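First residue of the sequence shown: 1, per full-length UniProt numbering; consecutive thereafter. Data first, discussion second: the structure below is written as structure tokens.
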Amino acid sequence: MTDSTLQSPLSDADIASIERATLDAVAPASVEAINGWLLPFDPSTIGRAKSAVPLRHHSLRAQDVATISARYQAHGMTPGFRVVDVAGLADVCAALASQGLAPQQPTLTQVGSVSSLRTFCQGTPAIVSQQPTAEWASVYTAPGFDPVDGAFRVQALSRSATVVYACVVEDGQAVAAGTASLSQGWASVHGMRTVVGQRGRGLAGRVLAGLAQAALAQGLERVFLQVEEDNAGAIALYRKAGFHTAWRYHYWR
Numbered sequence: 001m002t003d004s005t006l007q008s009p010l011s012d013a014d015i016a017s018i019e020r021a022t023l024d025a026v027a028p029a030s031v032e033a034i035n036g037w038l039l040p041f042d043p044s045t046i047g048r049a050k051s052a053v054p055l056r057h058h059s060l061r062a063q064d065v066a067t068i069s070a071r072y073q074a075h076g077m078t079p080g081f082r083v084v085d086v087a088g089l090a091d092v093c094a095a096l097a098s099q100g101l102a103p104q105q106p107t108l109t110q111v112g113s114v115s116s117l118r119t120f121c122q123g124t125p126a127i128v129s130q131q132p133t134a135e136w137a138s139v140y141t142a143p144g145f146d147p148v149d150g151a152f153r154v155q156a157l158s159r160s161a162t163v164v165y166a167c168v169v170e171d172g173q174a175v176a177a178g179t180a181s182l183s184q185g186w187a188s189v190h191g192m193r194t195v196v197g198q199r200g201r202g203l204a205g206r207v208l209a210g211l212a213q214a215a216l217a218q219g220l221e222r223v224f225l226q227v228e229e230d231n232a233g234a235i236a237l238y239r240k241a242g243f244h245t246a247w248r249y250h251y252w253r
């Protein structure tokens, strides 16, 4: 990928902490570890909660792909992988292709500064709670969103032990929501949603402001998020907020 915002690689420790923090947020039903991989198992629609992910971007054994696939099959699940587009994982990608899997849904992992995020978002911060609220949950199943996917996301984010919940309510109606997982030395942003018909009003910025404020209160300065590569509007917002792309990954299915 050619991307002017792509930065030099993070350390192996940073990569591992980001992937562990991601699973802390989406809270799969169970997780196994095999030779530098995390294997989350979950019946939901959330790709990150049911796709094997490497904890480093080099020096992995291509033959472990078959072992990992067998573990998913043993759980009654279709094997899925979330693999970064880097030369160090070329052998892994070749092994995935040999199993008939194909790369889909290109997604960017972006990193930034919590302080910069809070400074950028000048609107009144969203209300942040330590527990999920009915108002927060209602955004994910509002008209215009897939109700099944929304219900799964509410369920997953609600059971996470590391998440705080942000919601903007206007005239008694929740119009925007998001969450941050505060774990592994990172704040990570997940589940950003704005109700159809309310977009373009800076509501996402208010959600980000609330989440950044909560992260700062916990002494966290590093933040990351994952955003699909074709979501130009969100990427533009995150760029203005100081995020830059650390890597791109595909789901192999």
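Even for Gly, the Cβ is constructed at its ideal location relative to N, Cα and C. In this text the structure is predicted, and so the values were computed from the model without any measurement.
Cβ-based burial, residue i [other Cβ within 10 Å; buried from 16]
{"i": "R159", "result": "exposed"}
{"i": "Q7", "result": "Bear in mind that the predicted position of Q7 carries a pLDDT of just 49, short of 50, making it unreliable; the figure below should be weighed with that in mind. So Q7 ends up on the exposed side."}
{"i": "K240", "result": "exposed"}
{"i": "S11", "result": "exposed"}
{"i": "P54", "result": "buried"}
{"i": "Q184", "result": "buried"}
{"i": "A95", "result": "buried"}
{"i": "T22", "result": "buried"}
{"i": "D3", "result": "Any reading at D3 is ruled out, since the residue's pLDDT is 42, under 50, leaving its predicted position unreliable."}
Identity of the residue in the options nearest residue i by Cα
{"i": "G197", "options": "P143, E135, L211, G185", "result": "P143"}
{"i": "M192", "options": "L182, R206, W186, A29", "result": "R206"}
{"i": "A236", "options": "V128, A33, Q173, L108", "result": "L108"}
{"i": "F224", "options": "Y238, Q213, P125, G233", "result": "Y238"}
{"i": "V65", "options": "Y140, S17, W37", "result": "W37"}
{"i": "A33", "options": "D14, A234, T67", "result": "T67"}
{"i": "A27", "options": "T179, P125, A13, D42", "result": "D42"}
{"i": "S51", "options": "R71, Q73, A25, R82", "result": "R82"}
{"i": "L171", "options": "P106, E135, A151", "result": "At residue 171 the sequence reads Asp, which differs from the Leu that was named. Residue E135 is the option with its Cα nearest to D171."}
{"i": "A180", "options": "F152, E229, D149, Q213", "result": "Q213"}
{"i": "P125", "options": "L117, P132, Q131", "result": "L117"}
Residues bridged to residue i (per DSSP)
{"i": "F120", "result": "The partner list for F120 (beta bridge, DSSP) is empty, contrary to what the question assumes."}
{"i": "I127", "result": "C167"}
{"i": "T109", "result": "Q226, W247"}
{"i": "G202", "result": "Its beta-bridge partners do not exist; DSSP assigns none."}
{"i": "S188", "result": "S181, F224"}
{"i": "P40", "result": "V31"}
{"i": "W252", "result": "F81, P103"}
{"i": "V53", "result": "L38"}
Pair within 9 Å by beta-carbon distance, residue i and residue j
{"i": "A187", "j": "A215", "result": "yes"}
{"i": "A246", "j": "L211", "result": "no"}
{"i": "V168", "j": "L182", "result": "no"}
{"i": "R48", "j": "Q226", "result": "yes"}
{"i": "G76", "j": "R253", "result": "no"}
{"i": "V189", "j": "Q173", "result": "no"}
{"i": "I46", "j": "A137", "result": "no"}
{"i": "R84", "j": "Y249", "result": "The amino acid at residue 84 is misidentified as Arg; the sequence shows Val. In this structure, Y249 lies closer than 9 Å to V84 by Cβ."}
{"i": "S44", "j": "E221", "result": "no"}
{"i": "V111", "j": "H244", "result": "yes"}
{"i": "P106", "j": "E229", "result": "yes"}
Touching or not, the stretch 116-132 and the stretch 197-217, by the rule of three or more beta carbon pairs under 8 Å? yes
Pairing CB atoms from the stretch 82-100 with CB atoms from the stretch 58-74, are three or more of them under 8 Å? yes
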